[in-house]
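In the numbering used here, the protein residues as written are 181 to 499. No residue lacks a Cβ here, since even glycine has one placed at the ideal position from N, Cα and C. Please read these numbers as outputs of a predicted model, since none were measured by experiment.
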């Protein structure tokens, strides 16, 4: 119930205005947000790299309302790509949401913007992760992604949410095609005909999908690129130690080298686990969000970990 309410609030314009106008909110959100400016985010990338951890940068934003906003979001993504291109030592890539570049407005506009982004990424020798959003956009996102592959753009990957019933079919299809996949549990509110309502079922499906991806990586011989920018097929994106332990154990039994999979986590969450996995020799990539449009992302993080709410609320009433 609480999780559903927080996800509802993540889409609430009145709540967004209330929270973002409260000066202390941005300081609390900084636990999960790398900063407002690109320069701040690049500084975080260098700090992570110094600890042996790779990064994926996300200039926050979603659900643009006009073609002009979609174009501005695309330009912001260009700037991020150019910053990575200018720093050849930076071990990082980018993540984007297609609603950010016009998917909710016009699919052809979105496809044009994505193609331009992928071309710019190729120029800057980096990789683009296309995030998956809520189910009204799932098929559209996958279809546009495959349209880009047909045009020869293979410098991009997708994401799969294990709480969806369709996740196994999507994973098998994309794994067969050699698509790098970020495996997540899912952070949106979905109806019971679309998603597993019980956590145990989501976890079981997550482990099944991990096995599929690990087997595919072993068969294809994929591994993390030497520059840390292009991931292998499996990106196990979770802070759940049981899911991580399962993936490690299964990969070891299957004979997959450590650089044949990657563990991914969010900025500001389980830094201890990030660093311990990196010290064990596993590729670790941290999702580094930045920008002014931090509110929806922040609220979804609260929904995923309600223990953070008390810290937020106590400071809110302190003023």
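Open item on the list: Can you tell me whether residue 407 is helix, strand or coil according to DSSP?
Closed with: Reading the chain shown from its first residue, position 227 is the one you call residue 407. If DSSP states are grouped into helix, strand and coil, residue 407 belongs with coil.
TODO: Could you check the C-alpha separation between residue 371 and residue 284 for me, to the nearest Å?
DONE: Residue mapping note: residue 371 aligns to position 191 of the chain shown, counting from 1. Residue mapping note: residue 284 aligns to position 104 of the chain shown, counting from 1. Taking the straight line joining both Cα atoms gives about 20 Å.
Task: Where residue 336 falls, given that 16 or more other Cβ within 10 Å makes a residue buried - done: Within the chain shown, the letter at position 156 stands for residue 336. By the 10 Å Cβ count, residue 336 comes out buried.
Task: Cβ pair residue 282, residue 230 closer than 8 Å - done: Residue mapping note: residue 282 aligns to position 102 of the chain shown, counting from 1. Residue mapping note: residue 230 aligns to position 50 of the chain shown, counting from 1. No.
- [ ] For residue 202, collect the residues of the same chain with a Cβ closer than 6 Å to its Cβ; drop the 5 residues on either side in sequence, then sort them by chain order.
- [x] What you label residue 202 is simply residue 22 of the chain shown in a count that begins at 1. Caution applies to residue 202, whose pLDDT of 49 falls short of 50 and renders its modelled position unreliable; the value that the coordinates give is listed next. So the list is empty, once near-sequence residues are dropped.
TODO: Name the residue from 278, 338 and 318 whose alpha carbon lies nearest to the alpha carbon of residue 307.
DONE: Taking the chain shown and counting its residues from 1, one reaches residue 307 at position 127. Nearest option by C-alpha distance: 338.
Open item on the list: Could you compute how far the alpha carbon of residue 391 sits from the alpha carbon of residue 213?
Closed with: Your numbering for residue 391 matches position 211 in the chain shown. Your numbering for residue 213 matches position 33 in the chain shown. So the alpha carbons of these two residues sit roughly 31 Å apart.
Open item on the list: Our contact map puts residue 414 next to residue 363 with C-beta atoms below 8 Å; I'd like the distance itself, whole angstroms only.
Closed with: For the purposes of this step, residue 414 is taken as the residue at position 234 of the chain shown. For the purposes of this step, residue 363 is taken as the residue at position 183 of the chain shown. So it is a contact: roughly 7 Å between Cβ atoms.
Open item on the list: Using 8 Å for Cβ pairs, my map puts residue 368 next to residue 314. What's the rounded Cβ distance?
Closed with: In the chain shown, counting from the first residue as 1, residue 368 sits at position 188. In the chain shown, counting from the first residue as 1, residue 314 sits at position 134. Contact flag correct, Cβ pair sits at about 4 Å.
Task: Residue(s) in a DSSP beta bridge with residue 465 - done: Mapped onto the chain shown, residue 465 falls at position 285. According to DSSP, residue 465 bridges with 234 and 444.
Task: Cross-strand partners of residue 470 (DSSP beta bridge) - done: Taking the chain shown and counting its residues from 1, the one referred to as residue 470 is at position 290. 239.
- [ ] Identify whether residue 342 lies in helix, strand or coil by the three-state DSSP scheme.
- [x] Against the chain shown, residue 342 aligns to sequence position 162. In the structure shown, residue 342 sits in coil (DSSP, three-state: anything other than H, G, I, E or B).
Open item on the list: Assuming residue 301 is part of the alpha helix (DSSP H), what are its boundary residues?
Closed with: One-based indexing of the chain shown puts residue 301 at position 121. Per DSSP, residue 301 belongs to the alpha helix (DSSP H) from 287–303.
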